[in-house]
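Data first, discussion second: the structure below is written as structure tokens.
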Amino acid sequence: MSDTEFLSAGEEPSESALLVESEGIAVEPITQWDLFWTRLRRHRLAMIASGVLALLVLVVVSAPVLQAAGWIDSPVERLVDEGGRTLRNIPPRLSDGTVQILPPGAEAHPASTSALWFGSDDLGRGVFSRVIYGGRASLIVGFVTGMIVALFGTVMGSIAGYYPGAVDQSLMRFTDLVLGLPLLPVAIVVGRILPELTFLPGWIKQGPMGIALLLGFLSWGGLARIVRAEFLSLREKEFVEAARAAGASDRRIVFRHALPNAMSPIIVQTTLIVGIAIVIEAALSFLGFGVPPPTPTWGAMAAEGGRLAVRGFWWELVFSGFALVTTVLSINFLGDGLRDALDPTQTIERK
Amino acid sequence: MTEPLLEVDDLRTYFTTEEGIVRAVDGISFSMQPGQRLGVVGESGSGKSVTALSVMGLIEPPAGEIVTGRLMFKGRNLLELDEDEFQEVRGGQIAMIFQDPMTALNPVYTIGDQLMETILLHQNVNRSEAREIAIQSIDDVQIPNAAQRMLDYPHQYSGGMRQRIMIAMGLSCNPDLLIADEPTTALDVTTQAQIMDLMLQLAEDRGTAVMLITHDLGVVAGFCDDVHVMYAGGIVESGTVDDIYYNPQHPYTWGLLGSMTRLDDVQQHRLHSVRGAPPSVIDLPRGCRFRPRCDFATDVCSEVLPALRGVGNPEQQAACHHAEELDLHAVTADEVRATEEVAT
Amino acid sequence: MLAYITRRLVYGLVTLLALSMIVFSLLQASGGGPLDRLRLNPRMQPVIELLTKQWGLDQPVWKQYVTWLKNYVTPSELSFENALPLLAIVVAAGASIAVAKLMKSHWKGALILLVWALAVFVIFSNMTLKFNWGISFQGAGDVWDLVFGRVGATFRLGFSALFLALMIGVPLGIYQAIRQYSFFDQLGTTVAFVAFSTPIFIVGVGLQLILALYFEKWTGVKLFYVTGMNSPHYGEMTLFQQIGDTLQHLTLPAISIALISLAGYSRFQRASMLEVLHSDYLRTAKAKGLPRSRVIVKHALRNALIPVVTLISLDIAFMIGGAIITETIFGWPGVGRLYITAIGTIDYPLVMAIVMIIGIGIVIMNVVADILYGVMDPRVRYE
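This is how it looks when you write it as structure tokens:
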């Protein structure tokens, strides 16, 4: 008849667990990932967006296959000349004003294998295949820039956040400096100079890779700041102190404790950067300082399409613009969904 | 008995959430006399703060809604007032002090601004008179150099000082009722007692009734006349401080008392706690809401929700089927189980 | 506060130096050199020699950079009359220091901004001072004159866009927060997302085609002009016509720049307002018995607007990029279009001058935003 007995009786595990479950008071353990998926699935727009993006990646990656199968045309070649003769495999000549510009859905010339679903441009090239190939440039820029930013920003931010003092100070000064550069004006200069830099290998000068590298190295600053702030606040958290007290090494603390906790801002910020990078690449190409022709890009197609649209041929502008907006919108919706799903402050409340 | 100051009758305040309807306050009734000091005790989520916010008319639709009930304050049903009339009562006749003084004051206005705002709103005075009243009220809460400190911003005050300002603000219009929602929880222990003493002294000087909401039975014991114990949206026991402390009739009250350190505990009892967690107020168990955590529960407890009924003396009430049967001081859980086993 | 702002200005200066070095070396790295196009014309030989001498083009790159930098910060001729702008800067700086040292209230920031606004007015109304920014390599004229001849047009476009974005975006976000989860809120969120994801050039070209070009073609009514800042016969118009003409030219490019920023402001303002609406001090304000309108106008707005101030300085940098694109699309005679032309021909004194102007503008806007932040939020301590 002492209180000790009361305690042991009250805390008998099997019975109380049963009781508790039958009343719906306690719940089976939910892991972080379960929670993440549940929340992400609830975000309908994010789910649609990921579907759209998956489809885009599929089409863009398999573009050469589609081309080989004859479903789409080569993006850099004209289909027909003014006389209706096939001009496959002949590179386009400039200063040709007499090419017939075909509207969307037009019956392709018998020599061509695919219908011109999106019409053709003033050089006789199929807009549909150019939109698909243009997606390659956008996705490469988005993906590579995202990778660089995620890697660089995380490393810089973690080091600065984990080693306060001189290291932190100098790294952050450097970050501020990069953040202080006006993005588009500098990118325009680089985009203009890039093809002329003789010492660079061709894959950087010609394709979207150069633009991707450029944008990556100009835009990691924001993420580095976020990661640093996250690390600084984590330093103060009990679980990191506990790990340190338990004798965990620096490496273990960073990779097992700090980084997983900084993961959600890294993912969300990187997603946003991917969208921004795609827009800036398109803007550079629109201005003529991006990926050099004849490689198709949505930005360059919008510029060209704008000139055609003045003459009444709206399709190149509309389809390239639509592809660009849909892609960026999907990425932003996905980012929004990820932010909601990853936000640890938004726990499912139980009162 | 005089006419009660506040009479709450079958108040039900529900919140709509994604997971379902939260019955934060589910049918409570009580009354307060002028000048009375009432303690409302319960764990977090028991509905004590929502009760206070309901009285203040601060339940915000569409998320929260007072479903039924009457709130008679000085002969008027607050729930039937229109917004303009309620605004006169709110802050003027019923004032409220919140838990966290660090965030309860607007950071971009001076203390003086915020104090005078209330005074100008509820009293028929001009600015310079309001300034005088504000300075006086800062003086009353024992902050030195009142005229000077009127010009300071909240971040220039410490937590304890800010809570003094909140008290000054609450009492500056001489309200009939002051609701204090965990007013000292966020403060350190030495400041707690000072602030509590100060608040109750000032309230007494003005004849203001105080509803003190807390999870700390010790605070209630020291400062209140009467106590309501709340659990899962309902009152499970009410009575005078002495009744509740020395003769608890509800197992939950008994559990709460057991989890409290008492200086008068000559027998050196071990502390114990109420096991388990409060139920989700979305998914309430059938029958008595305390049953899953109760060591004395029987079949009737899982079927019928017990109503609040008089036990022992006329002022003490408990919502338990087995109140009076249980000698909570003498009986332990094991013995109850033993007797049940014999019975079945 | 003084130390803080000085430090920010020094960091800004370092950033500007780095910016100039990066752009300078990039321009130098381009093949052929900046004078190649001039060489095609034999009559240009004296000009080439002059430029080579002036910019030290036969020297190593670092020496060229030093020459450029020295020229860039050197006033071309300093006399007693044209030194007024410099004097205004010195006086304003002195006044700021005095205010920062003597005043206690956080409102001193507002006073300092006011002093500088006056100084800027004096500087621009007495702009007789010139810096030695050189001559355009493409023979377009003196770089200082070229740039400042176009700054006005860009300011007109930029401030109209900023005004539009703030005047529409901020109230929109506030209204959405007050009516959270309403149909209007959800519509606003969706529209903001779409606007935010639409590149400026798509908006610009789209508006130009539909509202300026096709609209006139279809209805015969001239609603907006496709290009330019004013009609050629602007000088002969009445004041009323002039305003109309200006708006007909200005509206579409301003909207193009503003749209993304507008969406950004509305999202940001909505989030910030929601946070304030759920804050404890707002509950206190309601508990005082204040009417809902006063609670929102006096207690919520002031707090909710504070974070937006920081967004403005970020947004200025973004809008400069937007102006470059939009000016190109709408043939707007501003600095942005000049920049694109200059880059195309690698006209390096001109490119450098414009890049530096942009950089300086961003640094100044950041400092202004910092001071404004301190004015709005008394908790801010400058450290």
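Protein chains in written order, with my numbering: chain A, 37 to 387; chain B, -3 to 340; chain C, 1280 to 1662. The C-beta atom is built at its ideal place from N, Cα and C for all residues, glycine as well.
Check                                                                                                                          : Outcome
C-alpha gap between A:Thr362 and A:Ala339, whole angstroms                                                                     : 18 Å
8 Å Cβ shell around B:Met146 - same chain, five flanking residues per side excluded                                            : Thr106, Ile107, Gly108, Leu111, Arg127, Ala130, Ile131, Ile134
Top-ranked residue by Cα proximity to C:Pro1354, from C:Tyr1290, C:Met1406, C:Ala1444, C:Ile1327                               : C:Met1406
Whole-angstrom distance between C:Leu1556 and A:Val263, CA atom to CA atom                                                     : 28 Å
Cβ-Cβ separation, C:Ile1595 to C:Met1644 (assumed contact under 8 Å), whole Å                                                  : 5 Å
With 16 other Cβ atoms within 10 Å as the buried cut-off, status of B:Glu(-1)                                                  : exposed
Run of the beta strand (DSSP E) containing B:Gly23, from where it starts to where it stops                                     : 16 to 28
Simplified DSSP state of C:Val1659, which is helix, strand or coil                                                             : coil
contact_flag[the segment 1581 to 1597 of chain C, the segment 1632 to 1647 of chain C] where n(CB pairs < 8 Å) is 3 or more    : yes
Nearest residue (CA-CA) to C:Met1382, options C:Leu1451, C:Leu1288, C:Leu1281                                                  : C:Leu1281
Span separating the alpha-carbon of C:Arg1546 from that of C:Gly1452                                                           : 6 Å
Chain B contacts from the segment 1626 to 1655 of chain C (Cβ-Cβ distance under 9 Å)                                           : Met1655
With 16 other Cβ atoms within 10 Å as the buried cut-off, status of B:Gln95                                                    : buried
For B:Val37: DSSP bridge partner residues                                                                                      : B:Thr210, B:Val225
Cβ of A:Pro200 within 9 Å of any chain C Cβ                                                                                    : no
Amino acids of chain C, ordered along the chain, whose beta-carbon sits closer than 8 Å to that of B:Pro103                    : Tyr1560, Asn1582, Asp1656, Pro1657, Arg1658
Cβ-Cβ separation, A:Leu270 to A:Gly246 (assumed contact under 8 Å), whole Å                                                    : The pair is not a contact, with the Cβ atoms about 36 Å apart (cut-off 8 Å).
Rounded separation between C:Arg1562 and A:Ala265 - CA only                                                                    : 30 Å
Sequence-distant residues of the same chain with beta carbon closer than 6 Å to A:Gly193, five excluded per side               : Ala260, Val263, Arg264
Below-9 Å beta-carbon distance, A:Glu266 vs any chain C residue                                                                : no
Span separating the alpha-carbon of B:Gly308 from that of A:Phe267                                                             : 60 Å
Nearest candidate by alpha-carbon position, reference B:Phe286, set B:Glu39, B:Gly60, B:Ile209                                 : B:Glu39
Buried/exposed call for B:Gly53, threshold 16 Cβ in 10 Å                                                                       : buried
C-alpha gap between C:Ala1362 and C:Leu1408, whole angstroms                                                                   : 7 Å
Residue burial classification, B:Glu233 (beta-carbon count within 10 angstroms, cutoff 16)                                     : buried
A:Arg172: first and last residue of the uninterrupted beta strand (DSSP E) it sits in                                          : Per DSSP, A:Arg172 belongs to no beta strand (DSSP E); it is in the alpha helix (DSSP H), 163 to 198.
According to DSSP, residues forming a beta bridge with B:Asn73                                                                 : B:Met68
Given 8 Å, three or more beta-carbon pairs between the segment 1604 to 1620 of chain C and the segment 1429 to 1441 of chain C : yes
Buried/exposed call for B:Arg160, threshold 16 Cβ in 10 Å                                                                      : buried
Beta-carbon separation (whole angstroms), B:Cys316 vs B:Pro247, contact threshold 8 Å                                          : 7 Å
Inter-residue spacing [alpha-carbon to alpha-carbon] between B:Gly43 and B:Gly229                                              : 5 Å
Contact residues within the segment 1461 to 1474 of chain C, judged by C-beta distance below 7 Å to chain A                    : Phe1472, Val1473
Top-ranked residue by Cα proximity to C:Gly1523, from C:Ala1379, C:Ile1447, C:Phe1503, C:Lys1349                               : C:Phe1503
Proximity test, Cβ basis, 9 Å: A:Leu89 and chain C                                                                             : no
Buried or exposed (CB count within 10 angstroms, at least 16 for buried), B:His318                                             : buried
Contact set between A:Val361 and chain C, taken where Cβ atoms lie within less than 7 Å                                        : Ser1476, Thr1477, Ile1481
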